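Just below is one structure, and these are the notes that go with it.
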Amino acid sequence: MSNPVLAQLVRGELVESIYTGRLVMLDPTGKIDYSLGDITQLVYPRSAVKSVQAAVSLEFGAKLKAETAAVAAASHSGSEAHLGYVRAILAEAQLSEADLQTPADYPIGVTEQRSWIAAGKEKLPIAMNCSGKHAAWLSACVHSDLDPKTYLDPSNKLQQRIIGLFSELAGEQVRISSVDGCGGPLHALSLTGLAKLIQHAVTAPVGTELNQIVSAVMAYPEAASGEGRDIAKLMQAIPGSFIKDGAEGVEVLALKDGRTAAFKFDSGNFLVRHLVSARVFQLWGINNAASDELLTKPVLGGGKPVGKYHATF
1046 MSNPVLAQLV RGELVESIYT GRLVMLDPTG KIDYSLGDIT QLVYPRSAVK
1096 SVQAAVSLEF GAKLKAETAA VAAASHSGSE AHLGYVRAIL AEAQLSEADL
1146 QTPADYPIGV TEQRSWIAAG KEKLPIAMNC SGKHAAWLSA CVHSDLDPKT
1196 YLDPSNKLQQ RIIGLFSELA GEQVRISSVD GCGGPLHALS LTGLAKLIQH
1246 AVTAPVGTEL NQIVSAVMAY PEAASGEGRD IAKLMQAIPG SFIKDGAEGV
1296 EVLALKDGRT AAFKFDSGNF LVRHLVSARV FQLWGINNAA SDELLTKPVL
1346 GGGKPVGKYH ATF
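Residue 1082 in my numbering sits at position 37 of the sequence shown, and the numbers go up by one each step.
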């Protein structure tokens, strides 16, 4: 089954590029309200599920609140503020950057990376965008008397709890696992299962670990992504919204009333990701200047607009 076009690039009178993929939207009861493409096909959610992973860290005793809770669920830009939150998580557990098992990397934020390289800094594990999640996992192991050196081992009780919670919230058993780019265990779900998992997280009862993490992400969107990032812009424009991106063209979004969506581009391209998210919010009846601005993106020719990127559904 070939998946439909979710977005396209139009230059002049010609469709120059298309972005195929799959999309599922759930109503507040969990019923499929709208879908495109094969939503039963397994996907690796990548970083789109960090909120659930961070919630398990809380469950296992990690001391996270406010910005540190948000950065535990973040693909952060690597700003000084982000690195400060990560260091705070580690310090509380009497750990240091040396305990992180994230691969050394540059910050993913454009401005942050430029400044980092200009300062002559080398790649570091803490600069990697998943370092907040890893710091929270380390803290959870320390506070649960688990060996922090094995925090990425799939047999670690922390990781076993994560895979169990994924199956519980998604309503399907995890059958395929691999290793994420950051080195952590990675579990495949159907696109519908991913949407259900996020829906359960966003609608979790007040005070639960899931609610604490999701609330922190909503309250501190820049801590959960980065200043000027499309994720932060949309969450700031739409109060009560939850959005999280993942590598290879994955994104999830939800509202506090339980409406939830998940999509993935077949190519893994994320260039037009925000166009699809903005369109989903529009279908949910949400329209404001900030979100509407993200519905299209100009295509330039000679520095002037000659076309646009836009969602096709």
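Note that the Cβ used here is the ideal one computed from N, Cα and C, for glycine as well. Model, not experiment: these values are computed from the prediction.
query	result
Using a Cβ-Cβ cutoff of less than 6 Å, which residues in the same chain neighbour M1280 once the five nearest sequence positions on both sides are dropped?	P1266, S1286, I1288
Measuring alpha carbon to alpha carbon, tell me which of Y1064, L1054, V1050, L1059 ends up nearest G1313.	Y1064
Consult DSSP for Q1244 and reduce its assignment to one of helix, strand or coil.	helix
What separation, rounded to the nearest whole angstrom, lies between the Cα atoms of N1145 and H1232?	Here the sequence assigns Leu to residue 1145, which means Asn is not the residue at that position. C-alpha separation (whole angstroms): 21 Å.
Pick from L1320, L1316, T1305, A1126: whose alpha carbon is nearest that of W1329?	T1305
Within the continuous alpha helix (DSSP H) that includes D1275, where are the two ends?	1275-1282
Does the region 1102-1118 come close enough to the region 1237-1250 that 3 or more CB-CB pairs lie under 8 Å?	no
So what's Q1098 in DSSP terms, helix, strand or just coil?	helix
Count the other CB atoms within 10 Å of the CB of L1345; is the residue buried (16 or more) or exposed (fewer)?	exposed
Would you mind giving the Cβ-Cβ distance between A1292 and G1226, rounded to the nearest angstrom? I have them listed as a contact below 8 Å.	6 Å
Please state whether DSSP places Q1053 in a helix, a strand or coil.	strand
Alpha carbon to alpha carbon, how far is L1320 from S1336?	9 Å
Quick one: what's got a C-beta closer than 6 Å to A1307's C-beta in the same chain, skipping five residues either side?	V1069, L1236, L1239, A1240, V1297
Does the Cβ-Cβ distance between Y1151 and I1162 come in under 8 Å?	yes
With which residues is P1343 paired in a DSSP beta bridge?	K1353
On the DSSP letters alone, give me the boundaries of the alpha helix (DSSP H) that M1263 sits inside.	1254-1264
Where do the ends of the beta strand (DSSP E) carrying R1304 lie?	Careful: R1304 lies outside any beta strand (DSSP E) and carries neither H nor E.
Which value, in whole angstroms, describes the spacing of the CA atoms of G1123 and G1347?	33 Å
Please confirm whether any heavy atom of the ligand SAH lies closer than 7 Å to the CB of H1245.	With respect to the ligand SAH, the structure offers nothing, as it holds no ligand at all.
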